[in-house]
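Residue numbers (UniProt numbering): 1 to 274. See below for the structure under consideration.
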Amino acid sequence: MPLRSPAERYLEDFHQRQPGTTSAAFAELKAVKYSSSYAALTAHVPTAQSPLNVLDLACGDGYLLKLLADRQQPGLQLTGVDMSQAELDAARLRLPSDVTLLKERAQALSMATGSVDVLLSHMAIMLMDDLEQVLQEVQRILRSGGTLAVLIGRTFLLGPAGDAFLDAFRPIAKEDRLPHLPMGDPRTRSEAGWGTLLAEHFTDIHFEDIDVHWQPQPAALWTSLKETYDIDRLTIPAKARLKERFLTAITHLRQSDGSVSTGWGLRVISARRQ
Numbered sequence: 001m002p003l004r005s006p007a008e009r010y011l012e013d014f015h016q017r018q019p020g021t022t023s024a025a026f027a028e029l030k031a032v033k034y035s036s037s038y039a040a041l042t043a044h045v046p047t048a049q050s051p052l053n054v055l056d057l058a059c060g061d062g063y064l065l066k067l068l069a070d071r072q073q074p075g076l077q078l079t080g081v082d083m084s085q086a087e088l089d090a091a092r093l094r095l096p097s098d099v100t101l102l103k104e105r106a107q108a109l110s111m112a113t114g115s116v117d118v119l120l121s122h123m124a125i126m127l128m129d130d131l132e133q134v135l136q137e138v139q140r141i142l143r144s145g146g147t148l149a150v151l152i153g154r155t156f157l158l159g160p161a162g163d164a165f166l167d168a169f170r171p172i173a174k175e176d177r178l179p180h181l182p183m184g185d186p187r188t189r190s191e192a193g194w195g196t197l198l199a200e201h202f203t204d205i206h207f208e209d210i211d212v213h214w215q216p217q218p219a220a221l222w223t224s225l226k227e228t229y230d231i232d233r234l235t236i237p238a239k240a241r242l243k244e245r246f247l248t249a250i251t252h253l254r255q256s257d258g259s260v261s262t263g264w265g266l267r268v269i270s271a272r273r274q
């Protein structure tokens, strides 16, 4: 196996320590016309086609797969892949026994060529090493005409709360000498970049920007933020300073009920395998 990057080793360690953080952050938040960001992906899975093989790449604790399993759709065959055993263990507890779970890297999938009808991925593909190899595997296992639909982050925190967070975080990260840890391929941050990545093997490339609005109390906002990668990497004293500085900075943003209006900016990229 190729030598894994520091970013990949960190991500595996994080999800071993804190499985289920992604679904905890996103599952209950309405995403404009969708009940959640996960539902923005399940919308790409046909309800009438049978049989239908669906793969969730970097499936985490199985939340997305559970939404699909709950359809009880005849002929729907579900598979999840993740590199974290802790996430897969949580998924196994959540999911029916007929859902297949595989501990694999996205760069080297064991699934047969042309065996998948729909490939989904929620908040993961933009973090992966060697994305060109990942997409080679994706196009290999998708049948001709198969669907790719992935959801990625677009804006970390919406509105003035996002500005307040960056103003608080940057100097503390510098004081803490937080090492730079680049994750993923920068081309995933733009439509042009995705066009380059997908042009060779995919057609009908579409982008859908989704804002997930959230109005948490400050304590709940901090609880969610402290389980994000950059804050997780801070030392304990630095986290304490960041918490104090950030919560002070958003005091003037609190609404009449004490909550803060913010959310996450997301993007769905969908395409059809040639």
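Idealized CB from N, CA, C, for every residue including glycine. Bear in mind the structure is a predicted one, so any value in this text is a computation, not a measurement.
Proximity below 9 Å, CB of residue i to CB of residue j
i	j	result
Arg187	Leu148	no
Leu65	Leu78	yes
Leu57	Ala124	yes
Ala24	Glu191	no
Val260	Ala108	no
Arg272	Phe202	yes
Gly159	Thr262	yes
Residue span of the beta strand (DSSP E) that contains residue i, given as start and end
i	result
Gly146	142 to 155
Ser270	262 to 273
Ile210	202 to 214
Lys103	100 to 103
Gln77	76 to 82
His122	116 to 122
Option nearest residue i by Cα separation, candidates the options
i	options	result
Pro46	Asp98, Leu120, Ser84, Lys33	Leu120
Ile141	Leu157, Ala106, Pro160	Ala106
Arg9	Pro182, His201, Lys243	Pro182
Pro6	Ala40, Leu127, Arg154, Ser115	Leu127
Asn53	Thr100, Gln85, Arg177, Ala39	Thr100
Ile231	Gln49, Ala173, Leu41	Ala173
Phe207	Tyr229, Leu178, Ala219, Gly153	Gly153
Buried versus exposed call for residue i [16 or more other C-beta atoms within 10 Å across all chains shown]
i	result
His15	buried
Arg17	exposed
residue 278	The chain is shown only over 1 to 274; residue 278 falls outside these bounds and no answer can be derived.
Pro74	exposed
Gln72	exposed
Arg267	buried
Leu135	buried
residue 344	Only positions 1 to 274 of the chain appear in this structure, which leaves residue 344 out of reach.
Gln274	exposed
Inter-residue Cα distance where the pair is residue i and residue j
i	j	result
Met31	Asp211	Just to set this straight, residue 31 is Ala in the shown sequence, not Met. Distance between the alpha carbons of Ala31 and Asp211: 6 Å.
Gly146	Ser270	11 Å
Gly62	Leu95	7 Å
Ala48	Leu68	13 Å
Alpha helix (DSSP H) segment containing residue i, residue limits
i	result
Leu88	85 to 94
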